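S.K.: Residue numbers (our numbering), protein chains in the order written: chain Z, 7 to 235; chain R, 7 to 235. Provided herewith is a single structure, encoded as structure tokens, for subsequent inquiry.
2 protein chains.
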Amino acid sequence: MNDLQKYPRPSVTIDCVVFGYDGEEVSLLLINRKEQPFKNEWTLPGGFLFLEETPEESAKRILKDKTGLANLFLEQLYTFGDIQRDPRGRVISIAYYTLVNPRLFNLVLGEAATDLKWFAITKIPKTGFDHKEIINVALARLKAKVTYQPIGFELLEKEFTLTEMQLLYEAILQRTIDKRNFRKRILESNVIKATGKKRTGEKNRAPELFAFDEPQYKKLLKEGYQFKV
Amino acid sequence: MNDLQKYPRPSVTIDCVVFGYDGEEVSLLLINRKEQPFKNEWTLPGGFLFLEETPEESAKRILKDKTGLANLFLEQLYTFGDIQRDPRGRVISIAYYTLVNPRLFNLVLGEAATDLKWFAITKIPKTGFDHKEIINVALARLKAKVTYQPIGFELLEKEFTLTEMQLLYEAILQRTIDKRNFRKRILESNVIKATGKKRTGEKNRAPELFAFDEPQYKKLLKEGYQFKV
DNA sequence: TTTACTTCGTGTTGTAATAACACTAACTAA
DNA sequence: TTAGTTAGTGTTATTACAACACGAAGTAAA
């Protein structure tokens with residue numbers, strides 16, 4: 007018998023905070039549980055860690071199975087381990103967060119959910135477990151992160167206008183940003199490139215379309231680049 | 007039978023990165039293991055999480071038992087969960103880090119260690135498990151943190167000179183800092199207060215002694231204050 | 001008691017980054 | 001052709017940051 011059997015083991019779960027953006031509001035994906043505990047309450051998509059997968063792999067599997075979301079960027083948020091956080095017993099949860107564009111995915115109804123729904127971050131309902139706390143930590147991290155690193159392209163279409171991008175940043179940061187300054191900085195950073203196209207058909211001047219320059223972005227990151235809004 | 011029994015459970019451990027500062031170098035506390043695996047190799051102080059304690063409580067207990075350190079500020083670093091990170095089986099480790107002044111503590115020899123030793127961060131030996139990776143993550147976090155939040159008072163005596171404080175920051179950041187600018191910023195921040203005393207007896211001008219103004223610091227933190235070196 | 005030695009303590013100025021600000025251009029619809 | 005709407009663009013003031021040198025205070029030794 008080795009150490010591993012000698013000590014009691016807690017259950018380990020993964021919880022995922024999925025942020026979305028539909029062009030107007032930043033929102034959050036919640037599942038209405040159809041099992042006890044917290045049956046019929048809203049919770050973060052989550053599940054048990056399997057022994058043959060890393061925490062990140064586990065988060066990906068769980069999101070795929072429960073929501074249909076795949077190919078996501080995931081970042082570890084924090085590990086929650088309060089003794090009473092799960093009424094079933096001692097459960098440690100490793101939380102991850104991600105950003106997606108809801109229009110690019112068709113949500114599935116997972117086997118353990120009767121419902122899967124986006125909620126605006128300004129209107130988050132009562133949640134089960136300690137998920138409210140997890141959400142708050144995730145929101146704080148998202149805000150902090152977006153001001154010095156251009157995450158958030160996951161939330162836009164492949165081609166987007168600078169106004170759309172600015173609205174996204176304003177939705178995340180919950181403040182207004184000066185248009186000229188925003189454009190200046192984002193263009194100087196070289197993480198986006200003009201496509202040469204314009205979006206016509208709307209009842210105003212046709213805006214230019216831009217795209218994320220991923221190779222350039224990765225190159226800059228390696229050099230220790232930091233983008234500032 | 008509920009969910010918790012239905013799923014296999016990994017072992018959960020806590021590992022602690024303890025940074026120290028002796029007035030010259032930033033150093034790191036390692037334990038020479040006297041058990042398999044990695045017997046006679048250097049490792050971070052760590053141990054198994056008990057079911058009746060939170061991860062942070064567990065980190066405190068482990069540090070107390072294995073090193074004698076107590077009353078520490080602890081911050082969760084990251085959770086490491088690679089499948090092969092522990093040869094004994096599947097082990098998830100929640101890592102914490104802390105800062106201490108080695109001269110204020112007498113290290114004990116823990117029951118599972120034949121040796122307990124401080125290593126300069128520029129001279130860290132080969133370590134067991136994935137502890138090298140954990141140390142690197144902790145170092146990066148420490149550097150990032152110290153430039154915008156005045157942590158690090160744990161590493162100084164209660165009363166200290168501004169030169170001592172500057173040397174600490176230089177040791178953490180591994181770069182020199184302009185003396186006048188450093189003093190200007192730290193004094194303007196109001197997180198330290200003059201004691202009115204001087205340290206005499208050395209062969210040069212007696213420097214003023216300062217102390218950390220903890221109530222003021224906590225008040226500023228609540229207001230969203232950020233200190234910049 | 002004078003002098004030499006060592007570290008302490010202090011302000012200013014140039015430079016770079018950030019924030020504030022308003023009008024014309026392009027497109028659509030009536 | 002005109003009115004309505006959003007797109008797109010530069011300059012200036014303010015603030016933050018970085019660079020820089022010398023007299024003051026204490027100790028030790030002549």
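We put the beta carbon where it would ideally sit given N, CA and C, even for glycine. Computed from a predicted model, the values in this text were never measured in an experiment.
Under three-state DSSP, which class holds residue 75(Z)?
M.R.: Along the first sequence, read from residue 1 onward, the residue named residue 75(Z) stands at position 69. Three-state DSSP puts residue 75(Z) in coil, outside helix and strand.
S.K.: In angstroms with no decimal places, state the Cα-to-Cα distance between residue 232(R) and residue 142(R).
M.R.: Looking up residue 232(R) in the second sequence gives position 226. Looking up residue 142(R) in the second sequence gives position 136. If you take the alpha carbons of residue 232(R) and residue 142(R), they lie about 24 Å apart.
S.K.: Verify whether the separation of the beta carbon atoms of residue 52(Z) and residue 20(Z) is less than 9 Å.
M.R.: Position 46 of the first sequence, counted from the start, is the residue given in the question as residue 52(Z). Position 14 of the first sequence, counted from the start, is the residue given in the question as residue 20(Z). A contact, by the Cβ cut-off of 9 Å.
S.K.: Among the residues of its own chain, which have a CB less than 7 Å from the CB of residue 64(Z), if the five just before and after it don't count?
M.R.: The residue you call residue 64(Z) lines up with position 58 of the first sequence. So the list reads 20, 55 and 56, once near-sequence residues are dropped.
S.K.: Verify whether the separation of the beta carbon atoms of residue 168(Z) and residue 192(Z) is less than 9 Å.
M.R.: In the first sequence, the residue the question calls residue 168(Z) occupies position 162. In the first sequence, the residue the question calls residue 192(Z) occupies position 186. Contact flag set, yes.
S.K.: With 16 as the cutoff for other CB atoms within 10 Å, does residue 185(R) come out buried or exposed?
M.R.: Counting from 1 along the second sequence, the entry for residue 185(R) is found at position 179. Its Cβ having fewer than 16 others within 10 Å, residue 185(R) is exposed.
S.K.: So with Cβ pairs under 9 Å, would you call residue 232(Z) a contact of chain R?
M.R.: Numbered from 1 along the first sequence, position 226 holds the residue referred to as residue 232(Z). Taking Cβ atoms only, chain R never reaches closer than 9 Å to residue 232(Z), which makes this a no.
S.K.: Give the DSSP-derived three-state secondary structure of residue 21(R) in the structure shown.
M.R.: Position 15 of the second sequence, counted from the start, is the residue given in the question as residue 21(R). Three-state DSSP puts residue 21(R) in a strand.
S.K.: Check whether the Cβ of residue 23(R) lies closer than 9 Å to any Cβ atom in chain Z.
M.R.: Position 17 of the second sequence, counted from the start, is the residue given in the question as residue 23(R). Not one chain Z Cβ lies under 9 Å of residue 23(R).
S.K.: Would you mind telling me which residues of chain Z sit closer than 8 Å to residue 60(R), beta carbon to beta carbon, in chain order?
M.R.: Taking the second sequence and counting its residues from 1, the one referred to as residue 60(R) is at position 54. Correct list: 87, 88 and 89.
S.K.: Quick check: what's the CA-CA separation for residue 3(R) versus residue 96(R)?
M.R.: Because chain R spans 7 through 235 in this model, residue 3(R) falls outside it and cannot be assessed.
S.K.: With distances taken between CB atoms, is the gap from residue 43(Z) to residue 158(Z) smaller than 9 Å?
M.R.: Within the first sequence, numbered from 1, the residue matching residue 43(Z) stands at position 37. Within the first sequence, numbered from 1, the residue matching residue 158(Z) stands at position 152. Cβ distance not < 9 Å, so residue 43(Z) and residue 158(Z) don't count as in contact.
S.K.: Just list the residues that DSSP pairs residue 100(Z) with in beta bridges.
M.R.: Walking along the first sequence from the start, residue 100(Z) turns up at place 94. Its beta-bridge partners are 20(Z) and 85(Z).
S.K.: Looking at C-alpha atoms only, which residue of 34(Z), 205(Z), 18(Z) and 203(Z) is the closest neighbour of residue 148(Z)?
M.R.: Locating residue 148(Z) in the first sequence gives position 142, counting from the first residue. Of the candidates 34(Z), 205(Z), 18(Z) and 203(Z), the one whose C-alpha sits nearest the C-alpha of residue 148(Z) is 34(Z).
S.K.: My understanding is that residue 85(Z) touches residue 100(R), with C-beta atoms under 8 Å, so please give their C-beta distance in whole angstroms.
M.R.: The residue labelled residue 85(Z) in the question sits at position 79 within the first sequence. The residue labelled residue 100(R) in the question sits at position 94 within the second sequence. Right, the Cβ-Cβ distance comes to about 5 Å (below 8 Å), so this counts as a contact.
S.K.: Go to residue 54(R), then tell me how far its beta strand (DSSP E) extends in each direction, as first and last residue.
M.R.: For this step, residue 54(R) is matched to residue 48 along the second sequence. Looking at the DSSP string, the run of the beta strand (DSSP E) that includes residue 54(R) is 52 to 54.
S.K.: Closer than 7 Å by beta-carbon distance: list the chain R residues that pair up with residue 155(Z), in chain order.
M.R.: As a working note, residue 155(Z) is residue 149 in the first sequence. Correct list: empty, because the minimum Cβ distance to chain R is about 12 Å.
S.K.: In this structure, what does DSSP give as the bridge partners for residue 186(Z)?
M.R.: Along the first sequence, one-based indexing puts residue 186(Z) at 180. In the DSSP output, where bridge partners are listed per residue, residue 186(Z) has none listed.
S.K.: Between residue 84(Z) and chain R, is the shortest Cβ-Cβ distance under 9 Å, so that the two count as touching?
M.R.: Here residue 84(Z) refers to the residue found at position 78 when the first sequence is read from its first residue. Yes, because at least one Cβ of chain R sits closer than 9 Å to the Cβ of residue 84(Z).
S.K.: According to DSSP, simplified to helix, strand and coil, what is residue 127(Z)?
M.R.: Stepping through the first sequence from its first residue, residue 127(Z) is reached at position 121. Reduced to three states, the DSSP call for residue 127(Z) is coil.
S.K.: Return the CA-CA distance between residue 102(Z) and residue 209(R), expressed in angstroms with no decimal places.
M.R.: The residue labelled residue 102(Z) in the question sits at position 96 within the first sequence. The residue labelled residue 209(R) in the question sits at position 203 within the second sequence. Their backbone Cα atoms lie some 56 Å apart in a straight line.
S.K.: With residue 179(R) as the anchor, note down where its alpha helix (DSSP H) starts and where it stops.
M.R.: Numbered from its first residue, the second sequence carries residue 179(R) at position 173. It spans 168 to 179 - the alpha helix (DSSP H) in which residue 179(R) sits, taken as one unbroken run.
S.K.: For the alpha helix (DSSP H) that residue 141(R) lies in, which residues bound it at each end?
M.R.: Translated into the one-based positions of the second sequence, residue 141(R) becomes position 135. Element bounds for residue 141(R): 137 to 152.
S.K.: If you measure between the beta carbons of residue 27(R) and residue 130(R), is that distance less than 9 Å?
M.R.: Numbered from its first residue, the second sequence carries residue 27(R) at position 21. Numbered from its first residue, the second sequence carries residue 130(R) at position 124. Cβ atoms of residue 27(R) and residue 130(R): not closer than 9 Å.
S.K.: Compute the distance between the beta-carbons of residue 218(Z) and residue 164(Z), then report whether it is under 9 Å.
M.R.: As a working mapping, residue 218(Z) is identified with position 212 in the first sequence. As a working mapping, residue 164(Z) is identified with position 158 in the first sequence. Taking 9 Å as the Cβ cut-off, residue 218(Z) and residue 164(Z) qualify as a contacting pair.
S.K.: Does any C-beta atom of chain Z lie closer than 9 Å to the C-beta of residue 46(R)?
M.R.: Residue numbering aside, residue 46(R) sits at position 40 when the second sequence is read from its first letter. No, residue 46(R) does not count as interfacial toward chain Z.
S.K.: Any C-beta of chain Z sitting closer than 9 Å to the C-beta of residue 15(R)?
M.R.: Counting from 1 along the second sequence, the entry for residue 15(R) is found at position 9. Closer than 9 Å: yes.
S.K.: For residue 105(Z) versus residue 24(Z), is the C-beta distance shorter than 9 Å?
M.R.: Indexing the first sequence from 1 puts residue 105(Z) at position 99. Indexing the first sequence from 1 puts residue 24(Z) at position 18. Result yes, Cβ atoms of residue 105(Z) and residue 24(Z) sit closer than 9 Å.
S.K.: Expressed to the nearest angstrom, what Euclidean distance is found between the alpha-carbon atoms of residue 110(Z) and residue 30(Z)?
M.R.: Along the first sequence, one-based indexing puts residue 110(Z) at 104. Along the first sequence, one-based indexing puts residue 30(Z) at 24. C-alpha separation (whole angstroms): 15 Å.
S.K.: How many angstroms separate the CA atom of residue 121(Z) from the CA atom of residue 66(Z)?
M.R.: Numbered from its first residue, the first sequence carries residue 121(Z) at position 115. Numbered from its first residue, the first sequence carries residue 66(Z) at position 60. Rounded to the nearest angstrom, the two C-alpha atoms are 20 Å apart.
S.K.: If you compare alpha carbons, which of 235(Z), 49(Z) and 195(Z) is closest to residue 139(Z)?
M.R.: Indexing the first sequence from 1 puts residue 139(Z) at position 133. Comparing Cα-Cα distances from residue 139(Z) to each of 235(Z), 49(Z) and 195(Z), the minimum goes to 49(Z).
S.K.: Is the CB-CB distance between residue 9(R) and residue 94(Z) below 9 Å?
M.R.: As a first step, residue 9(R) must be located in the second sequence, where it is residue number 3. As a first step, residue 94(Z) must be located in the first sequence, where it is residue number 88. Yes; because the gap between Cβ atoms is below 9 Å, this pair is in contact.
S.K.: Going along chain R in order, which residues have a C-beta closer than 8 Å to the C-beta of residue 94(Z)?
M.R.: The count along the first sequence starts at 1 and reaches residue 94(Z) at position 88. Per Cβ cutoff of 8 Å: 8, 9 and 10.
S.K.: Determine the DSSP secondary structure at residue 225(Z), reduced to helix, strand or coil.
M.R.: Position 219 of the first sequence, counted from the first residue, corresponds to residue 225(Z). Residue 225(Z): helix per DSSP, three-state reduction.
S.K.: Could you tell me which residues DSSP puts in a beta bridge with residue 162(R)?
M.R.: Locating residue 162(R) in the second sequence gives position 156, counting from the first residue. In DSSP, residue 162(R) forms no bridge with anything.
S.K.: Can you tell me where the beta strand (DSSP E) holding residue 215(R) begins and where it ends?
M.R.: For the purposes of this step, residue 215(R) is taken as the residue at position 209 of the second sequence. Its beta strand (DSSP E) spans residues 214 to 218.
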